[in-house]
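Just add 3 to the spot in the sequence shown (first one is 1) and you have this note's numbering. Glycine included, each C-beta is placed from N, C-alpha and C at the ideal position. Working notes, beginning with the structure itself.
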Amino acid sequence: MPLIPIDWLSQHVETPADLTPAQLAKDLVKVGLEEEEIHPGPVQGPVVVGKVLTREAKEQSNGKVINYCRVDVGAHNDAPGEGKEPSELPSRGIICGAHNFDAGDYVVVSLPGAVLPGGFAIAARKTYGHTSDGMICSAAELGIPGDASGIIVLASSDAEAQEAGLPAVGENVLGYLGVPGETLEINITPDRGYCFSMRGVAREYHHSTGAAFTDPGLPENLPQALPETDNSRAFPIELDDSAPIHGVPGCRRYVERIVRGVDPTAPSPKWMAQRLTEAGMRPISLAVDATNYVMLDLGQPMHAYDLDKLVAPIVVRRAVGGERLVTLDGVDRELDPEDLLITDSQSGHGERIIGLAGVMGGASTEITEHTENVLVEAGVFEPVTISRTARRHRLPSEASKRFERGVDPAIAAVAVQRVVDILVEYGGGVADEVMGDFGEVALLEPARFPVSEVARLLGIEVPVGRVRAILEDIGCTVKDISDDPVAGQDPARAVFSVTPPTWRSDLEGPAHYVEEVARLVGYDEIPSKVPTAPAGTGLTGPQRQRRDFSRALAESGWVQVLSYPFVAQATFDAEGLEDSDPRRVAIRLKNPLQDEKPLLRTSILDSLLDVAALNVRRGNPTVAIFETGHVVRPEGITPAEIPSAGARPSEEQIAALHAAIPHQPHHVAGVACGQVTLEQAGFTPVVWDWRDAIEAAKQVVEVTARPSVRAAKHAPWHPGRCAEILVGETVVGYAGELAPAVCKAFDLPRGSVAFEVNTDGLYAASPREPMEVEPVLTNPAAKEDLAFVVDDSVVAQDVAEVIAQAGGEALETVRIFDVYTGDQIPEGKKSLAFALSFRADHTLKADEVAGLRKKITKAATKKFGAELRA
Numbered sequence: 004m005p006l007i008p009i010d011w012l013s014q015h016v017e018t019p020a021d022l023t024p025a026q027l028a029k030d031l032v033k034v035g036l037e038e039e040e041i042h043p044g045p046v047q048g049p050v051v052v053g054k055v056l057t058r059e060a061k062e063q064s065n066g067k068v069i070n071y072c073r074v075d076v077g078a079h080n081d082a083p084g085e086g087k088e089p090s091e092l093p094s095r096g097i098i099c100g101a102h103n104f105d106a107g108d109y110v111v112v113s114l115p116g117a118v119l120p121g122g123f124a125i126a127a128r129k130t131y132g133h134t135s136d137g138m139i140c141s142a143a144e145l146g147i148p149g150d151a152s153g154i155i156v157l158a159s160s161d162a163e164a165q166e167a168g169l170p171a172v173g174e175n176v177l178g179y180l181g182v183p184g185e186t187l188e189i190n191i192t193p194d195r196g197y198c199f200s201m202r203g204v205a206r207e208y209h210h211s212t213g214a215a216f217t218d219p220g221l222p223e224n225l226p227q228a229l230p231e232t233d234n235s236r237a238f239p240i241e242l243d244d245s246a247p248i249h250g251v252p253g254c255r256r257y258v259e260r261i262v263r264g265v266d267p268t269a270p271s272p273k274w275m276a277q278r279l280t281e282a283g284m285r286p287i288s289l290a291v292d293a294t295n296y297v298m299l300d301l302g303q304p305m306h307a308y309d310l311d312k313l314v315a316p317i318v319v320r321r322a323v324g325g326e327r328l329v330t331l332d333g334v335d336r337e338l339d340p341e342d343l344l345i346t347d348s349q350s351g352h353g354e355r356i357i358g359l360a361g362v363m364g365g366a367s368t369e370i371t372e373h374t375e376n377v378l379v380e381a382g383v384f385e386p387v388t389i390s391r392t393a394r395r396h397r398l399p400s401e402a403s404k405r406f407e408r409g410v411d412p413a414i415a416a417v418a419v420q421r422v423v424d425i426l427v428e429y430g431g432g433v434a435d436e437v438m439g440d441f442g443e444v445a446l447l448e449p450a451r452f453p454v455s456e457v458a459r460l461l462g463i464e465v466p467v468g469r470v471r472a473i474l475e476d477i478g479c480t481v482k483d484i485s486d487d488p489v490a491g492q493d494p495a496r497a498v499f500s501v502t503p504p505t506w507r508s509d510l511e512g513p514a515h516y517v518e519e520v521a522r523l524v525g526y527d528e529i530p531s532k533v534p535t536a537p538a539g540t541g542l543t544g545p546q547r548q549r550r551d552f553s554r555a556l557a558e559s560g561w562v563q564v565l566s567y568p569f570v571a572q573a574t575f576d577a578e579g580l581e582d583s584d585p586r587r588v589a590i591r592l593k594n595p596l597q598d599e600k601p602l603l604r605t606s607i608l609d610s611l612l613d614v615a616a617l618n619v620r621r622g623n624p625t626v627a628i629f630e631t632g633h634v635v636r637p638e639g640i641t642p643a644e645i646p647s648a649g650a651r652p653s654e655e656q657i658a659a660l661h662a663a664i665p666h667q668p669h670h671v672a673g674v675a676c677g678q679v680t681l682e683q684a685g686f687t688p689v690v691w692d693w694r695d696a697i698e699a700a701k702q703v704v705e706v707t708a709r710p711s712v713r714a715a716k717h718a719p720w721h722p723g724r725c726a727e728i729l730v731g732e733t734v735v736g737y738a739g740e741l742a743p744a745v746c747k748a749f750d751l752p753r754g755s756v757a758f759e760v761n762t763d764g765l766y767a768a769s770p771r772e773p774m775e776v777e778p779v780l781t782n783p784a785a786k787e788d789l790a791f792v793v794d795d796s797v798v799a800q801d802v803a804e805v806i807a808q809a810g811g812e813a814l815e816t817v818r819i820f821d822v823y824t825g826d827q828i829p830e831g832k833k834s835l836a837f838a839l840s841f842r843a844d845h846t847l848k849a850d851e852v853a854g855l856r857k858k859i860t861k862a863a864t865k866k867f868g869a870e871l872r873a
């Protein structure tokens, strides 16, 4: 994200003298540029101009000579009566070990409270028999280039100080020295690429505050006119893109100019090096610094080549399979046919690769300490190509950041001229008379913009004149194409034809222009209105169902969690799924967040078991968690090609795309282990068991239907303690105790329980008519206990269902309370004891209860060969 030095910004837009990064952030956020961070300068606190009044050399016992100085620091001088070191003149006493200064010199003084680079804090301290109330600084101590053998002498007399333009004694000197202060870093959204430049940010500051803005990107604002364009006399360039992406050529414009006789030893001017440092870039050499500086200023990335290493012509083309390039970072890279290259003809026509277009140059033609003749180029490259190349080679650069968001195609010539001017002025070079400008860039197309869209989309009325002024202020060309002059003044009838500026390729239609109006009118001016919900709508059936069962589980003590839906192949092995289990068929992600978990889960338990294990490892004594979400079941899908974005897909293509989308049912699952509640005095803690999991699954189903339960074998549950949950004859879920091997694989306590219900399947299987609510009967219940002797293989739930069916409407509840095998029961048999409760709209008589008892016994005997145990 770009750093915004205020002094640099002030070159293009008027700013208050006391503008701070914090205030700048407040101004920019009004137009949508958010603050990322305010970076402190390398030097903090008071560092001021001081004038040495006296210097007294004192030799110490160890032979070292130090200077005790009285230094005038203006408003920071010791107040009378403070008594640190009495002096007739207002000043501060400072100890200094350097000897390259004398009384009358102007020096740099860091006062107590200042913090120098490296975290060196300045404070008043007693040393060498005096109180040193500050420090006279050297260049090294401030972290700036310069002679470190002595302190900085700014001037040796009042006249010299005035001639040098020194700040007054006691005033801040960091800006004068070029030491960066606080710098604002802003966040740029993908559609605002033009703000990757001081030019763009200055324009936005103008929009926010109304401050006067001078566009540095206009040719008329150059110190001198652009030179003549003559491609026949310029360095030869060929644009050869035989494989454009989506029909758009990789390079639309290529501007170049030559500067000869540049002094290779010429340093970058101090002001430019300072601004580059403030913007987060390291100064390198004059030629490289000039291209970087203009890029940061105007937003146009450029490159400087050593002209003597080039062989004409330069060819801009796509890579050929097998080609390689050593980039400026020293990495040998294998190129992709989609990469756009800059080549020259050292080994034949367009053979030698000298750069990855828009990303990074090659090592063979880089600027060195011997370069005297420089070719400066600025290309306009297609954003998708540059973005893919930078990501493919994992080579993000300042250039690629700008190209992939789109640069202003009209500014290339101005940017090149700015670099040429710097090389001529500070490097002593001589520019060729002509400029090469190859290719062409079409202007953006105008769009029809009914002004009524502002009121429709924003809910506020903005006068036609203000809408036009806003659009023109952001650089658009606006023509009134209303039916008549009267309509042109009515927001409901006025229509504009709007052509966006060259740097705003993101503006494509009315909605974009409305967004600009909203941004510059001010989002705080748009009222917040809650829309009225239309009658007859609301939550869908599945939405109500999901909210209801989530609430029911939470009220029962289960805690809802959210896990990542990514799992490893080993998860299916840990769950004990058979090789033929369809749940093993999973979608593999091409770019997973974690390489070890590349698959999309096919069951909520795939990821929920890991969450439960994490809770156990972290010492949670009462684990009972559930999650709702989608799972991915890809069986039956057929791959389909992604259609081009250039036109609407055909019906056949759409059908193929639908066939390639995997089934994604909604599920709910839960895992519980350990104690239900913590231990308390006088209370035996209850632990979770398989019945709790079945009850939780039934709670989910009972939101919309009446469930039934029967024994089942289904991984990852214990084969003998697993139940399938049914609605009618449709299996909608499973619940019970997890298999011991699964508990071990996931580091869960033995006996952990779980459930999972397909809620989409549940909703499809549920009756659509409302469930009938049974009346509340106030007559007393009649209770009976029945014990049946049945074969060991008989499932208790099956017996309970037969009892419920035989008992009819009078049977209120049936509950198994004992399972017995022993001496009184034949081998291969067991006793199942049930507690029954009968209730009717009248008090049941003994013979009625006896009749029901007899009917139930007869049904159990017929179905299971059960014998009533006395």
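Among the options, nearest to residue i - alpha-carbon criterion
{"i": "P743", "options": "A843, M138, R724, E37", "result": "R724"}
{"i": "P219", "options": "A237, G324, S13", "result": "S13"}
{"i": "C853", "options": "Q827, L789, D487, K865", "result": "Residue identity differs from the one stated: residue 853 is Ala in this sequence, not Cys. Answer by Cα proximity: L789."}
{"i": "E166", "options": "F123, G121, Y109", "result": "Y109"}
{"i": "V55", "options": "E62, P49, D75", "result": "D75"}
{"i": "S159", "options": "H633, A106, L780", "result": "A106"}
{"i": "Y823", "options": "T816, K832, T330", "result": "K832"}
{"i": "R336", "options": "D347, V318, G358", "result": "G358"}
{"i": "S200", "options": "L279, P252, P247", "result": "L279"}
{"i": "I189", "options": "V182, G203, G178, P183", "result": "G203"}
{"i": "A648", "options": "I657, I640, T641, P642", "result": "I657"}
{"i": "D300", "options": "K312, V314, M284", "result": "M284"}
{"i": "I463", "options": "P530, W561, R709, Y197", "result": "P530"}
Cα-Cα separation between residue i and residue j, rounded to whole angstroms
{"i": "E85", "j": "A25", "result": "For E85, the predicted model reports a pLDDT of 47, less than 50, meaning its position is unreliable; a value from the coordinates is still stated below. Computed Cα separation, rounded: 35 Å."}
{"i": "P272", "j": "I287", "result": "12 Å"}
{"i": "E428", "j": "V51", "result": "32 Å"}
{"i": "G885", "j": "T192", "result": "Only positions 4 to 873 of the chain appear in the structure, and residue 885 is not among them; the question remains open."}
{"i": "G382", "j": "P270", "result": "26 Å"}
{"i": "V437", "j": "L523", "result": "41 Å"}
{"i": "P568", "j": "E655", "result": "31 Å"}
{"i": "V798", "j": "H721", "result": "16 Å"}
{"i": "S559", "j": "V387", "result": "53 Å"}
{"i": "L603", "j": "A663", "result": "15 Å"}
{"i": "I261", "j": "G361", "result": "20 Å"}
{"i": "A124", "j": "V118", "result": "4 Å"}
{"i": "R469", "j": "M138", "result": "57 Å"}
{"i": "E448", "j": "F384", "result": "19 Å"}
{"i": "H669", "j": "V690", "result": "29 Å"}
Any chain C beta carbon closer than 8 Å to residue i
{"i": "A126", "result": "No chain C is part of this structure, which consists of one protein chain only."}
Residues near residue i by beta carbon distance below 6 Å, same chain, minus five either side
{"i": "F791", "result": "L835, A863, A869"}
{"i": "S64", "result": "none"}
Proximity of residue i and residue j at Cβ, strictly below 8 Å
{"i": "E578", "j": "A718", "result": "yes"}
{"i": "I819", "j": "F841", "result": "no"}
{"i": "P637", "j": "V570", "result": "no"}
{"i": "Y526", "j": "L474", "result": "no"}
{"i": "F758", "j": "A714", "result": "no"}
{"i": "I97", "j": "S152", "result": "no"}
Nonlocal neighbours in the same chain, by C-beta distance under 8 Å from residue i, ignoring five residues either side
{"i": "L180", "result": "V111, L145, I147, I155"}
{"i": "R321", "result": "D244, S245, A246, G253, P340, E341, D342, L343, L344"}
Contact set for residue i: own chain, Cβ-Cβ below 7 Å, skip 5 residues either direction
{"i": "F216", "result": "H15, V16, A205, R206, H209"}
{"i": "P230", "result": "E436, V437, M438"}
{"i": "E38", "result": "A28, V32, L187, I189"}
**Request:** Run through the stretch 576-627 for me and flag every whole alpha helix (DSSP H) of 4 or more residues, listed as ranges in chain order.
**Result:** 607-620
**Prompt:** What runs of the alpha helix (DSSP H), each 4 residues or longer, lie entirely inside the stretch 22-55?
**Reply:** 24-32
**Prompt:** Which runs of the alpha helix (DSSP H) spanning at least 4 residues fall entirely within the stretch 455-524, listed in chain order?
**Reply:** Those alpha helix (DSSP H) runs which fall completely within the stretch 455-524 and span 4+ residues are 455-461, 467-476, 513-524.
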